[in-house]
Structure formats: structure tokens, C-alpha cells
Amino acid sequence: MLGAVELLPGLIRAAVVSSEGAVRQLVERPLDPQASTRQLEHVIADVARCFAFQRVRGIGIACPGLVDTGSGAIVELLDLPQLNGFPLTEVIARHGRAPTVIEHRARLQAMGDRWFGQGRGRRSFASVTTGETLGVGILYDGQVIAPPGGRSGAHMIVAAAGDACTCGGVGCWKAVATTPWLRRQARAANLSPDAGLADLVAAAATGDQRAESLLDRYADNLALGLINIQHLFAPGLFILHGEVRSARPDFHARIEQRLLAVTSWNAEAERPQVVVADVDEGVSALLGGAGLVLTRLG
Ligand SMILES: [Zn+2]
Numbered sequence: 004m005l006g007a008v009e010l011l012p013g014l015i016r017a018a019v020v021s022s023e024g025a026v027r028q029l030v031e032r033p034l035d036p037q038a039s040t041r042q043l044e045h046v047i048a049d050v051a052r053c054f055a056f057q058r059v060r061g062i063g064i065a066c067p068g069l070v071d072t073g074s075g076a077i078v079e080l081l082d083l084p085q086l087n088g089f090p091l092t093e094v095i096a097r098h099g100r101a102p103t104v105i106e107h108r109a110r111l112q113a114m115g116d117r118w119f120g121q122g123r124g125r126r127s128f129a130s131v132t133t134g135e136t137l138g139v140g141i142l143y144d145g146q147v148i149a150p151p152g153g154r155s156g157a158h159m160i161v162a163a164a165g166d167a168c169t170c171g172g173v174g175c176w177k178a179v180a181t182t183p184w185l186r187r188q189a190r191a192a193n194l195s196p197d198a199g200l201a202d203l204v205a206a207a208a209t210g211d212q213r214a215e216s217l218l219d220r221y222a223d224n225l226a227l228g229l230i231n232i233q234h235l236f237a238p239g240l241f242i243l244h245g246e247v248r249s250a251r252p253d254f255h256a257r258i259e260q261r262l263l264a265v266t267s268w269n270a271e272a273e274r275p276q277v278v279v280a281d282v283d284e285g286v287s288a289l290l291g292g293a294g295l296v297l298t299r300l301g
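For the sequence shown, my numbering gives the first residue as 4, with consecutive numbering after it.
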């Protein structure tokens, strides 16, 4: 059995996962943003105790903020700044009584795909988070690329000008390829004010040209980040997670066509391919944590 912990806004979850990727036990506790560091530590310790009697091989933690994978401490967590510097790995290892490792959430998703999803048996591929947030985890030659100071790719610059991003920059991938961008564009095109991806897909299916053209632009913008990644690392396979899974196959095909149009491949490189994740999204970060245990702790 493998242990996995996931931090989400306002929530911590822990799961016992089989070596085949089946979630056997799941516990959840709220994390109050107003709580003190000491109170949060009590909650974290309480959740970690679910591993104490399970004989898990190890525990893998998926953390949304910046983490120091060497020391196992949280560097920066925007939702819970009182945990900045908190030795999360050490606390969970002590109460869970198992060796514990930590990684950024977007990168861990690739670990879940590597062991339990479409990345099985591959040496290289990219795992892409879509929807409200954007991020990419890259497996390259069997290893998740995780350099100190590296980020998830959301703020890679894909245009010299454009809307301001939440980071304060301009031209970020995130500013043009997430659900908030889609909603703003839907409003500007006089589509339903709160039209999300599902609404646009439904409208396009009835022949609404405005919805169809907005979806095409969204697919093209998503492709921008993937093109850069393909140029640099040639992972070949891109596994899409999150909201765009619910789009129609022609949406995913358009992203792939954009990739094929501006990248090259030959006998030495694989033809780029875009697929939709086949793992349960509700537990994909936890599967990533379990995969991290298999990768780092054997
Ligand atoms: Zn940005």
C-alpha cells in the first residue's frame, strides 16, 4: 500500500492507495484560513495518523505552493501563508510513521499518469492541467523535470502584449488559456455572461458560430504553451486533465493540429499527440502522490 496527501484551498486529504492505483481509504479535514500555525499542525497530524496502522511503503504529498523538495518544507503557500516555512514532510512522516516525500501538485499529476494512466510504460510525456488554473508536469527520460525554482508553466510568456495576468505580468499563457479568459471573451462576444466551457460546447453543437469560433481560439491559445514545450523537450504525448476533458473530440483535435503545424518530427522524434486523461480527476493528485512514492522510494 502507498500513502498520499493532497493540500487544496481550505482542505487536506489523505488516501491509502493500492499499488495498482485504487483508492482504498480517503480522509478529509477542512483547513481554516484563519487558524494559527499550531492549530493547522494539529489537523495535519490528525490526518497523517490514518497511515500509522496501514503499513504504507511511503507517503507522497501534493502541495499547490512552492515547496523545498530537499528539506520537505513549504516555501510559499498563498492560501495559507501561516504555513510558509512549515516542515510539512517531517510532520506527516512523524505522525504517519512512514518515509515521506513532497512535490508541487502540477508536477505530481505526471506521476499519476506515469504509474496509473496513459503515461504507463513511457519515458517521456507531458501532463497538462486546464480550467481555472493551468500547469504542466513533464516526464523526461523517466524523471519528472523539477529544478529548484522551476514553476508549473502557467506564467510562461506567449505574447509580447495582452491582458494583465494575476501575477502582474503581461502575455502569460495563463492569461489567455484558462476559464476566466474564456468567460471574459464569452461576455465580450455577447454570449451568455457566465458561459463556461460546457455552455460553449453545447452552443457550438447547435450551430452557434460565435461559440464555435471562441472555442477555436481557446484551443489555439492552449496549444501555444504545448508548442513551446514540444520545441524544448519533445515529450511527444500531451495528456489533458481538468476542464477541457469535457470538450468535444474536435476541440482536442484542433490543439493537436496546431501542434503538428508548427513542430517537426522525424524518425528520431515521435509525432506529437494530444489525448484526454483517463484517470478519475477527483483523485488524480493523490494518485500522483502514490506515484511519487513508487518513483522516489521504490
Ligand atoms: Zn502571469
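Backbone N, C-alpha and C define an ideal beta-carbon position, used for all residues, glycine too. It should be emphasised that the depicted structure is a prediction, and the values quoted were computed from it without experimental measurement.
A heavy atom of ligand 1 is found nearer than 6 Å to the CB of cysteine 175.
Isoleucine 258 sits close to alanine 226, with the two beta carbons spaced by under 7 Å. In the DSSP annotation of this structure, the continuous segment of the beta strand (DSSP E) that includes threonine 103 starts and ends at 103-107. Distances from the CB of cysteine 66 to the heavy atoms of ligand 1 are all 6 Å or more.
One Cα belongs to arginine 126, the other to alanine 109, and the distance between them is close to 18 Å.
Taking the Cα of leucine 80 as reference, the smallest distance to any Cα among Val94, Ala55, His107, Gln57 is reached at His107. Considered as a whole, the region 258-283 harbours 276-279 as its complete beta strand (DSSP E) runs of no fewer than 3 residues, in chain order. Asparagine 224 places its beta carbon less than 7 Å from that of valine 179. Between alanine 191 and arginine 213, the CB-CB gap reaches or exceeds 7 Å. According to DSSP, glutamine 28 shares a beta bridge with Val19.
Listed in chain order, the alpha helix (DSSP H) elements of length 4 or more contained wholly in the region 76-155 are 91-99, 108-119.
Per the coordinates, the alpha-carbon of isoleucine 105 lies some 19 Å from the alpha-carbon of glutamine 85. Listed in chain order, the non-local C-beta contacts of phenylalanine 236 below 8 Å within the same chain comprise Ser127, Ala129, Ile141, Tyr143, Ile148, local neighbours out to five positions each way being set aside. By the CB criterion at 7 Å, aspartate 116 and isoleucine 242 fall inside the cutoff. About 6 Å separates the CB atoms of leucine 295 and leucine 111; that is less than 8 Å, so the two are in contact.
For aspartate 281, the CB contacts under 8 Å within the same chain, skipping 5 residues up- and downstream, are Gly120, Gln121 in chain order. In its chain, beyond the 5 residues on either side, Ile77 have a beta carbon closer than 6 Å to the beta carbon of leucine 91. Going by DSSP, glutamate 9 is part of the beta strand (DSSP E) stretching over 5-11. Residue side-chain check: histidine 98 keeps its Cβ at 6 Å or more from all non-hydrogen atoms of ligand 1.
Scanning its chain for C-beta atoms nearer than 8 Å, with the 5 sequence neighbours on each side dropped, one finds around cysteine 66 the residues Leu10, Ile77, Leu80, Leu91, Ile105, Glu106, His107, Arg108, in chain order.
Sorting Leu43, Asp35, Arg248, Ile62 by C-alpha distance to the C-alpha of leucine 289 places Ile62 at the top. Of all alpha-carbon atoms in Gly301, Gly228, Asp253, the one lying nearest the alpha-carbon of valine 265 is that of Gly228. The DSSP-derived three-state label of phenylalanine 241 is strand. In chain order, His98 place their CB closer than 6 Å to the CB of arginine 52, counting only its own chain and leaving out the 5 sequence neighbours on each side. According to DSSP, residue pairing for proline 33 in a beta bridge involves Leu14. In this structure, glycine 245 places its C-beta atom within 7 Å of the C-beta atom of threonine 132.
Rounded to whole angstroms, the Cβ separation of leucine 5 and valine 94 is 19 Å, and the two are not in contact under 8 Å. If you draw a 10 Å sphere on the C-beta of glycine 153, you find fewer than 16 other C-beta atoms in it, and that means exposed. When beta bridges are read from the DSSP output, leucine 69 appears opposite Glu79. Cysteine 170 has its Cβ nearer than 6 Å to a heavy atom of ligand 1. With a beta-carbon spacing of about 5 Å, leucine 262 and proline 275 fall inside the 8 Å limit used to define contacts.
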